[in-house]
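Colleague: Numbering (the numbering used here), first residue to last: 99 to 169. No residue lacks a Cβ here, since even glycine has one placed at the ideal position from N, Cα and C. Starting off with a structure, shown below.
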């Protein structure tokens, strides 16, 4: 079973929510919130962040725009 994740951040109440989704059916398998979601997302971001050598002139690495536009 293919599993995908969606990350939501509600700017109004500051809640980070992570949905683990079945890639075949599109149904939410697990709804993770709070510190558990933040830990998971932080670990994923750490593992998927390119090396510092790829930082552009604005100081952002590829993919950092996704964090700025979340919500």
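Tell me whether residue 113 is buried or exposed, calling it buried when 16 or more other Cβ atoms sit within 10 Å of its Cβ.
Modeller: exposed
Colleague: Just to confirm before moving on: does the CB-CB distance between residue 116 and residue 105 stay below 7 Å?
Modeller: yes
Colleague: May I have a chain-ordered list of the beta strand (DSSP E) segments no shorter than 3 residues that lie completely inside the segment 115-146?
Modeller: 126-131
Colleague: Please say whether residue 102 and residue 130 have beta carbons closer to each other than 7 Å?
Modeller: It is not a contact, given that the beta carbons lie outside the stated cut-off.
Colleague: Please report how far the alpha carbon of residue 140 lies from the alpha carbon of residue 109, in whole angstroms.
Modeller: 18 Å
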